[in-house]
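K.L.:
Residue numbers (the numbering used here): 85 to 222.
For every residue, glycine included, the Cβ atom is placed at its ideal position computed from N, Cα and C.
Owing to the predicted nature of the structure, the values given are computational and were not obtained by experimental measurement.
Below is the structure I would like to discuss, written out as structure tokens.
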Amino acid sequence: MAETDSKFADDLENFTGQCLCGNVKFRSLNPPYNVGYCHCDMCQRSLGNLFGTWVILKTRDLEFTSGQPKWYESSDRVRRGFCGDCGSPICYDPNDKDYTAMWIGTLDNREAFKPRAHWHTKNKIPWVDIHSHLPVRS
């Protein structure tokens with residue numbers, strides 16, 4: 085899924101964010117190391133959209149500053165965090181990895197994070213246009 089090296093960290097910045105109602109707030113303690121689109125079936129269904137866009141950071145670099153997400157175990161390998169009050173999807177947290185993916189729409193400075201790759205493209209909706217200059221990982 086997400087590469088776990090830090091090759092992108094040099095040009096990314098820390099972030100803050102929140103759910104729609106503002107009851108769950110968070111911040112990064114260090115910049116994320118990757119940004120991209122996920123086209124997997126689970127992301128499509130959990131987000132109610134054609135794909136998800138996330139910023140990926142080390143789990144230890146994520147701090148919830150107000151409230152806590154509720155968790156849904158979407159598979160035996162992944163849990164998904166959301167606001168228990170407004171229902172906003174907040175994050176994707178694989179059980180056996182050291183990273184967490186935050187949904188870009190929850191960030192306060194989301195315009196600062198330009199996607200760099202597409203993941204799980206074998207599940208891509210056929211009429212969704214993938215920008216050809218980004219790496220594609222199925």
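On a CA-only basis, which of Leu-218, Ile-214, Pro-219 and Ile-209 is nearest Met-126? Give me that one, please.
P.N.:
Ranking the options by Cα distance to Met-126, first place goes to Ile-209.
K.L.:
Indicate the three-state DSSP secondary structure (helix, strand or coil) for Arg-129 in the structure shown.
P.N.:
Correct three-state label for Arg-129: helix.
K.L.:
Can you tell which of Val-139, Lys-154, Arg-194 and Met-186 has the C-alpha that lies nearest to the C-alpha of Gly-171?
P.N.:
Nearest option by C-alpha distance: Lys-154.
K.L.:
So, helix, strand or coil for Glu-97, using DSSP?
P.N.:
The answer is coil: DSSP assigns Glu-97 none of H, G, I, E or B.
K.L.:
Are Thr-184 and Thr-143 touching if we call contact CB-CB under 8 Å?
P.N.:
Yes, the Cβ-Cβ distance between Thr-184 and Thr-143 is below 8 Å.
K.L.:
Per DSSP, what kind of secondary structure is Gly-189 in: helix, strand or coil?
P.N.:
Looking at Gly-189 - three-state DSSP - the assignment turns out to be helix.
K.L.:
Closer than 8 Å by C-beta to Arg-200: which residues in its own chain qualify, once you throw out the five before and the five after it? Chain order, please.
P.N.:
Result list for Arg-200: Phe-92, Asn-118, Val-119, Gly-120, Leu-218 and Pro-219, in chain order.
K.L.:
Out of curiosity, what's the CA-to-CA distance linking Ala-196 and Leu-96?
P.N.:
Straight-line Cα distance between these residues: approximately 8 Å.
K.L.:
Does DSSP put Asp-177 in a helix, a strand or coil?
P.N.:
Looking at Asp-177 - three-state DSSP - the assignment turns out to be strand.
K.L.:
With respect to the beta strand (DSSP E) encompassing Phe-135, which residues constitute its N-terminal and C-terminal limits?
P.N.:
Careful: Phe-135 lies outside any beta strand (DSSP E) and carries neither H nor E.
K.L.:
Under three-state DSSP, which class holds Lys-109?
P.N.:
It is a strand residue.
K.L.:
For Asp-213, count the other beta carbons within 10 Å of its own beta carbon; 16 or more makes it buried, fewer makes it exposed. Which is it?
P.N.:
So Asp-213 counts as exposed.
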